[in-house]
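Colleague:
Residue numbers (this note's numbering): 7 to 299.
What follows is the structure, encoded as structure tokens:
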């Protein structure tokens with residue numbers, strides 16, 4: 007669980023950079039650059055000689071789904087929605103994770119489904135007071151595509167590399183980033199976006215993309231999927247929204263001179279709901295361990 011929380015904490019400090027610093031840039035190019043940087047970081051660790059060719063291909067496809075398609079949809083959504091609106095709409099991801107995990111196992115786990123709903127409530131409570139999502143149907147649909155593909159990739163990766171498979175995350179993770187890069191580059195070529203002039207980066211934007219590519223994309227995606235292999239599906243679903251109260255807490259504690267009592271109360275309530283949902287899946291009565299899945 008510590009891997010998932012570490013990734014969530016780093017993500018919590020990254021909200022707002024895309025909308026405030028990368029506005030006007032082509033989203034497909036931004037996705038390709040971020041994933042390309044992540045690929046370069048993990049390429050030296052790639053060790054796939056013992057992996058079956060079919061598994062290698064599936065890992066590339068998993069990355070194309072979880073990172074490539076997710077980023078293409080997610081970054082494009084900022085054309086229609088504000089950063090806070092995108093954040094509000096991403097709170098539905100736990101539902102997708104729980105449902106996909108159950109569909110994969112061909113059974114329904116009410117405990118995980120309930121925990122996912124509580125996690126959504128926690129994320130919504132943490133963001134209460136942000137801009138309500140506008141009736142921007144394209145933006146809403148794009149964020150849901152992003153949520154669904156990210157959730158699908160997490161669940162699929164758990165099945166491709168179960169805890170006892172003998173393969174390490176670090177040795178294969180470059181394959182996932184390769185799939186993401188190829189997908190983002192395909193979007194760039196299909197839309198001919200390099201002809202629009204939205205690829206010219208300022209020095210500040212270059213540093214922001216470097217940071218996003220190395221940490222929130224490179225390190226955090228790795229930590230997240232590595233952690234996903236080590237917890238049950240219910241806890242994984244719940245922690246998909248951990249970044250929401252952490253982001254609000256970071257904003258209140260580090261970027262506001264005097265945190266408002268109402269904001270602190272909402273944050274406490276969100277953290278309480280998140281902790282209850284996590285306990286329900288990981289430590290509650292009759293909770294199913296990860297090994298049982």
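The beta carbon of each residue, even a glycine, is placed where N, CA and C say it ideally should be.
(1) Based on Cα-Cα distance, which residue from 7, 18, 75 and 30 lies nearest to residue 191?
(2) Please report the Cβ distance between residue 13 and residue 229, rounded to the nearest whole angstrom; I am assuming they are in contact, meaning their Cβ atoms lie under 8 Å.
(3) Is it true that the stretch 84-102 meets the stretch 140-156, where meeting means three or more beta-carbon pairs spaced less than 8 Å apart?
(4) Report, in whole angstroms, the separation of the C-beta atoms of residue 118 and residue 287, which I expect to be a contact under 8 Å.
(5) State the Cα-Cα distance for the pair residue 107 and residue 208, rounded to the nearest angstrom.
(6) What would DSSP say about residue 309, mapped onto helix, strand or coil?
(7) Kindly say whether residue 117, judged by its beta-carbon, lies nearer than 8 Å to any beta-carbon of chain B.
(8) Taking the alpha-carbon positions, what's the residue 132 to residue 94 distance?
(9) Taking the C-alpha atoms as reference points, what is the distance between residue 66 and residue 182?
(10) Answer yes or no: do residue 40 and residue 218 have a C-beta to C-beta separation smaller than 8 Å?
(11) How should residue 210 be labelled, buried or exposed, when 16 other C-beta atoms within 10 angstroms of its C-beta is the threshold for buried?
(12) Going by alpha carbons, who is nearest to residue 272 out of 254, 35, 283 and 285?
(13) Among 99, 114 and 112, which residue has its Cα nearest to the Cα of residue 124?
(14) Reducing DSSP to helix, strand and coil, say where residue 58 ends up.
(15) Label residue 283 either buried or exposed according to how many other C-beta atoms from any shown protein chain fall within 10 Å of its C-beta, with 16 as the threshold for buried.
(16) I need the straight-line Cα distance from residue 274 to residue 155, nearest angstrom please.
(17) Using C-beta distances below 7 Å, list every residue in its chain close to residue 264, excluding the 5 sequence neighbours before and after it, in chain order.
(18) Does the Cβ of residue 174 have 16 or more other Cβ atoms within 10 Å, making it buried, or fewer, making it exposed?
(19) CB residue 96 to CB residue 153, shorter than 8 Å?
(20) Alpha carbon to alpha carbon, how far is residue 77 from residue 34?
(21) Per DSSP, what kind of secondary structure is residue 28 in: helix, strand or coil?
(22) Less than 8 Å separating the beta-carbons of residue 252 and residue 109?
(23) Quick one: what does DSSP say residue 7 is sitting in, helix, strand or coil?
(24) Measure the alpha-carbon distance for residue 276 versus residue 55 and round it to whole angstroms.
Modeller: Inspection of the coordinates gives the following:
(1) 75
(2) 4 Å
(3) yes
(4) 6 Å
(5) 42 Å
(6) Residue 309 lies beyond the range of the chain shown here (7 to 299); nothing can be said about it.
(7) Considering every chain present, this structure includes no chain B. It has just one protein chain.
(8) 9 Å
(9) 5 Å
(10) yes
(11) exposed
(12) 254
(13) 99
(14) coil
(15) buried
(16) 30 Å
(17) With a pLDDT of only 49 at residue 264, under the threshold of 50, the placement of this residue in the model should not be trusted, and no figure is reported.
(18) exposed
(19) yes
(20) 8 Å
(21) coil
(22) no
(23) coil
(24) 45 Å
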